[in-house]
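Colleague: After the structure tokens below, expect a handful of questions from me.
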Amino acid sequence: MRLPGAWKRHAFPLTLLAATAKATITSAPERRQEPSITAISDCRMQQTDQYCMVGATGYRVLAPGTPTSELASSYTDCHAHVAETWCMNPNGGEVQITLYTPPPSITAVTDCHLSESQVYCSSDATEFQVSATVTASSDVPPTYTGCHSHGTDTYCLGPSGDEVQVLTGSEEAEADTGSDEPTEENCHFHAGVEHCVGGSGGARSCERTDREYNVPLRIGLLFAILVTSSIGVFAPILLAKFLSARANTVLLIIKQFGTGVIMSTALVHLFTHAELMFANECLEGVMYEATTAAILMAGLFMSFFVEYLGYRFVKSRAKKAAAAQSMQGAVMSVQSIRSLELVSVYIMEAGIIFHSLLIGLTLMVAGDSFLLTLFVVIIFHQMFEGLALGTRIAALGSGSNSSFTLGHTHTSPIPTTKATSENSATATATHPEDSATSHTEFGGAGDATTPLFHVSMAKKIYLAAAFALVTPVGMAIGIGVLDVFNGNDPQTIVAIGVLDAFSAGILLWVGVVEMWAADWVFGGGLTDAGAVVTGLGMGGLVAGMVVMSVLGKWA
């Protein structure tokens, strides 16, 4: 049947209107369905989320976190959009809500007690932490009752009706790790890198840290270190020159104090600092855990090897001198021993100089917040090391530094022939007083000391001056690189770590073999000393170890 023209003109709009009406009628139930709840109430804000209750069931409001005063305490006209539940707020806006898993259902907690500074209670054989502030065990209530939920949190009531939160599971772990009060940190600088022990730090940054540096103060500290180092190293040399022979017990005590300082420097300072360097998070690729110990062993071996070569050289020259049976040969032998004793002191000074240079650099690149504390520690550090080195330099020529005169081999280092033995016997009979004093040990209490050979005062001053100047030189370098130095740079870490560990090996050899064992075991001045001198020497040795180890807490 054909429709009139007017109907044709209006057929398409009518068809479209009918389709729209049908779609509206059929989709309305899909958009808004009746849920199982009609309203939620008792709404509370927990951190950035809002939680509400319907009986014992909790719901979370999926809305941006805002202050509690701007949020409704209840929502009504709850309805469904497909699988989602929405409710209306008092302003007519829609908010989506979702179920949440409530914490364990408990009605009360009992057997409450104080452990350290936290209160713990139990419920059904499960222990919970209670966020209650108490000062003593007597202030802890035995039970908390009326436990209920606020959002995801569980609260109980104390005897006075006050609410306390009961932490469960992950909440307790969060409270332990997310406390607003961080644990105390002990921070100090090693090689310009701030190391903190304790507390909780953020992510480690390996970039250079920009700081404000007080350069005039650092220049003043440079001269203070120069004066202190000079006093420490030159004092024993001057005492040895101007004190009477009977006052040498003072030098003996200082020498043993220096031995303790060297031992502590090698192990507590250098070895520990090298370990810190190689454990730095910015240094990648160090897969061998014993890197520090291996480098220390290399320094130990090199010290031994240099002294061993010196020993073989001296022994070879001594044999030639004995074979020549001439006074010239004897003089050559004594000069050989002099050379070996100097080598021993050179090795010790090399180990000290290596790390003293680093100490000066470290002091200058440390932040101003720790500079003065570190400076005070370095003042004592340099003075004690100066005393240790100064007593060794002062003893040059007395024979007490030589492994031969101290009897390491328990034999005479200079081979003798029958003729020379007879000459020695004749000399002894003719000049018994010379024989009695010719091998007196340096530092013996109350005995005159006849030098085995002569070492000029100028040479001793040169050796002492090298130590006095090296730390200020390191400080000057540190001032020069303040604007570019990065203690977390991998190349810097490796360089400092290697030098620290290698220097530790050198000083360990010098401290144990050349100083400790030489003085106490292998025929040194304390092997057969009296009780008073032995006690004083032992006290000096232990004091050096203890004092230097205490300084290791800061530097």
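Letter by letter, the sequence shown follows residues -23 to -1, 1 to 532 of mature numbering (1 follows the signal peptide of the UniProt record, and there is no 0).
We treat Cβ as the ideally placed atom computed from N, Cα and C, and that holds for glycine.
Since we're looking at a predicted model, the values are computed, not measured.
Answer with buried or exposed for Ala271, where buried requires no fewer than 16 other C-beta atoms within 10 angstroms of its C-beta.
Modeller: As a first step, residue 271 must be located in the sequence shown, where it is residue number 294. Flag for Ala271 reads exposed.
Colleague: Can you give me the start and stop residues for the alpha helix (DSSP H) that Leu446 sits inside?
Modeller: For the purposes of this step, residue 446 is identified with residue 469 of the sequence shown, where counting begins at 1. Start and end: Met434 to Gly457.
Colleague: Under 8 Å, do residue 536 and Met254 count as touching if we go by C-beta distance?
Modeller: Outside the modelled stretch of the chain, which goes from -23 to 532, sits residue 536, for which no answer is possible.
Colleague: If you drop the 5 nearest sequence neighbours on each side, which residues of the same chain put their C-beta closer than 7 Å to that of Ile214?
Modeller: Here residue 214 is taken as the residue at index 237 of the sequence shown, counted from 1. For Ile214, where only same-chain residues beyond five positions count, the Cβ hits under 7 Å are Gly367, Ile370, Ala371, Lys437 and Ala441.
Colleague: Can you tell which of Thr122, Ala60 and Thr268 has the C-alpha that lies nearest to the C-alpha of Ser13?
Modeller: Walking along the sequence shown from the start, residue 13 turns up at place 36. With respect to the C-alpha of Ser13, the residue from Thr122, Ala60 and Thr268 having the closest C-alpha is Ala60.
Colleague: Using a Cβ distance threshold of 8 Å, determine whether the stretch 197 to 212 contacts the stretch 355 to 363, with at least three qualifying pairs required.
Modeller: yes
Colleague: Using the C-alpha atoms, what's the distance from Gln95 back to Ile74?
Modeller: Sequence index remark: in the sequence shown, residue 74 carries index 97 (1-based). Sequence index remark: in the sequence shown, residue 95 carries index 118 (1-based). Each residue's Cα considered, the two are about 35 Å apart.
Colleague: By alpha-carbon positions, which one of Ser126, Ile324, Gly262 and Ala109 ends up nearest to Val490?
Modeller: Against the sequence shown, residue 490 aligns to sequence position 513. Considering only alpha carbons, the answer is Ile324.
Colleague: Checking the sheet assignment: what are the DSSP bridge partners for Phe105?
Modeller: Locating residue 105 in the sequence shown gives position 128, where the first residue counts as 1. Looking at the DSSP assignment, Phe105 forms a beta bridge with Cys98.
Colleague: Can you find the residues in the same chain that come closer than 8 Å, C-beta to C-beta, to Thr388, ignoring five residues on each side of it along the sequence?
Modeller: Here residue 388 corresponds to residue number 411 of the sequence shown, with the count starting at 1. Confidence is the limiting factor: at Thr388 the pLDDT is only 38, short of 50, which leaves the residue's position unreliable and the question unanswerable from this model.
Colleague: Taking just the CA atoms, how far does Asp19 sit from Met30?
Modeller: On the sequence shown, residue 30 is found 53 positions in, with the first residue counted as 1. On the sequence shown, residue 19 is found 42 positions in, with the first residue counted as 1. Those two C-alpha atoms are separated by around 6 Å.
Colleague: Spatial neighbours of Val117 within its chain, please: CB distance less than 7 Å, with the 5 preceding and 5 following residues excluded, ordered by chain position.
Modeller: Translated into the one-based positions of the sequence shown, residue 117 becomes position 140. The answer, listed in chain order, is Cys89, His90, Leu91, Val96 and Val111.
Colleague: Would you identify the three-state DSSP class for Gly178, choosing helix, strand or coil?
Modeller: Here residue 178 is taken as the residue at index 201 of the sequence shown, counted from 1. In this prediction, Gly178 has a pLDDT of 45, which is less than 50 and means its spatial position is unreliable; nothing more can be read from the coordinates.
Colleague: Just how far apart, CA to CA, sit Val447 and Ser108?
Modeller: By one-based count along the sequence shown, residue 447 stands at place 470. By one-based count along the sequence shown, residue 108 stands at place 131. Their backbone Cα atoms lie some 57 Å apart in a straight line.
Colleague: So, are the CB atoms of Ala495 and Gly237 less than 8 Å apart?
Modeller: Start at 1 with the first residue of the sequence shown, and residue 495 comes out as number 518. Start at 1 with the first residue of the sequence shown, and residue 237 comes out as number 260. At least 8 Å separates the beta-carbon of Ala495 from that of Gly237.
Colleague: Excluding the five sequence neighbours on either side, which residues of its own chain have a C-beta within less than 6 Å of the C-beta of Glu151, listed in chain order?
Modeller: For this step, residue 151 is matched to residue 174 along the sequence shown. Legend: pLDDT at Glu151 = 45, less than 50; position of this residue unreliable, value from coordinates given subsequently. Nothing listed; no residue qualifies.
Colleague: At a cut of 8 Å, does the stretch 240 to 253 reach the stretch 443 to 461 through at least three beta carbon pairs?
Modeller: no
Colleague: Could you check the C-alpha separation between Asn257 and Thr269 for me, to the nearest Å?
Modeller: Along the sequence shown, one-based indexing puts residue 257 at 280. Along the sequence shown, one-based indexing puts residue 269 at 292. If I take the Cα positions, the gap works out to 13 Å.
Colleague: For Leu48, which residues from the same chain have a beta carbon less than 7 Å from its beta carbon, with the 5 sequence-adjacent residues on both sides left out?
Modeller: On the sequence shown, residue 48 is found 71 positions in, with the first residue counted as 1. Cys20, Met22 and Gln27.
Colleague: Could you tell me the boundaries of the beta strand (DSSP E) in which Ile74 lies?
Modeller: In the sequence shown, residue 74 corresponds to position 97, counting from 1. Residues Glu71 to Leu76.
Colleague: Residues in the same chain with beta-carbon distance under 7 Å from Thr84, minus the five sequence neighbours each way, listed in chain order, please.
Modeller: For the purposes of this step, residue 84 is taken as the residue at position 107 of the sequence shown. Excluding residues within five positions, the ones whose Cβ falls inside 7 Å are Cys124.
Colleague: Within 10 angstroms of the Cβ of Met492, are there 16 or more other Cβ atoms? Answer buried if so, exposed if not.
Modeller: By 1-based counting over the sequence shown, the position of residue 492 is 515. Answer is buried; the Cβ neighbour count reaches 16.
Colleague: What residue from Gly363, Met434, Ser51 and Leu273 has the CA that sits closest to Trp486's CA?
Modeller: Locating residue 486 in the sequence shown gives position 509, counting from the first residue. Trp486 has its Cα closest to that of Leu273, out of Gly363, Met434, Ser51 and Leu273.
Colleague: In its own chain, which residues sit with a C-beta less than 8 Å from the C-beta of Trp63, not counting the 5 before and 5 after it?
Modeller: Within the sequence shown, numbered from 1, the residue matching residue 63 stands at position 86. Excluding positions up to five away in sequence, the list reads Cys55, His56, Ala57, Glu71, Val72, Gln73 and Ile74.
Colleague: Between Gly464 and Arg185, what straight-line distance do the alpha-carbon atoms span, to the nearest angstrom?
Modeller: If you number the sequence shown from 1, residue 464 lands on position 487. If you number the sequence shown from 1, residue 185 lands on position 208. Spanning the two alpha carbons is a distance of roughly 7 Å.
Colleague: For Leu277, tell me which candidate among Asp477, Gly69 and Glu189 has the shortest Cα-Cα distance.
Modeller: In the sequence shown, the residue the question calls residue 277 occupies position 300. Ranking Asp477, Gly69 and Glu189 by Cα distance to Leu277 puts Asp477 first.
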